[in-house]
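Under the working numbering, the sequence shown has 1001 at position 44, and the numbering climbs by one with no breaks. Think of the CB as a built atom: it goes at the ideal place given N, C-alpha and C, for glycine as much as any other residue.
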Amino acid sequence: MLAGKVGEVGPVELKRGASVAGWVAVEEGAIDAGSCHARLSLLVGSGGNVQLAEKIAQTAMDVRVRKDGFFQFSAVPPGTYSLEVRQKGFAPGTVSPIEVSPRSETSLREPVTLRRPFQIELAISPPIDWLDRH
């Protein structure tokens, strides 16, 4: 649409709640809009209760990261969250904690940068087992 011109935007869905928005950067690569996803999870301790941990995990929200690196979660309940961004071929990028206030947008100040995993070679010399045997 050109400046000063009237045009249709189409339907805009408004959702009650807060939002979390940010950007993703890929070191030595590009955003793959087909495989790059962001996941926002509530930070709550389960106290070792497996069933409670599974219920908490089910409340996580997933969105696809756009080709330009932008992502946004909408209708986010207030709370403290952890963000994880994944793309095939890269180590996950994480941000935590993220504080979400009622009826406001939380914008991440820095982009989440995805990096290639490091390859490490390890040699133990002399090779000894747990009983000090070669």
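Would you kindly report the start and end of the unbroken beta strand (DSSP E) that includes Leu1065?
-> Looking at the DSSP string, Leu1065 is not in any beta strand (DSSP E), and its letter there is neither H nor E.
Assign Phe1047 to one of two classes, buried (16 or more other C-beta atoms within 10 Å of its C-beta) or exposed (fewer than that).
-> Within 10 angstroms of the beta-carbon of Phe1047 lie 16 or more other beta-carbons, which makes it buried.
The beta strand (DSSP E) enclosing Gln1029, as first and last residue numbers | Taken as a continuous stretch (DSSP letters only), the beta strand (DSSP E) holding Gln1029 covers Phe1027 to Val1033.
Given Ser1039, which residues of its chain have a CB within under 6 Å of its CB, disregarding the five upstream and five downstream residues?
-> Answer for Ser1039: Ser998, Leu1000 and Ser1053, listed in chain order.
Which of helix, strand or coil does DSSP assign to Glu1147?
-> Only positions 958 to 1091 of the chain appear in the structure, and residue 1147 is not among them; the question remains open.
Compare the C-alpha of Val1042 against each of Leu1071, Pro1059, Arg1023 and Val1033 and name the closest.
-> For Val1042, the nearest C-alpha among the options comes from Leu1071.
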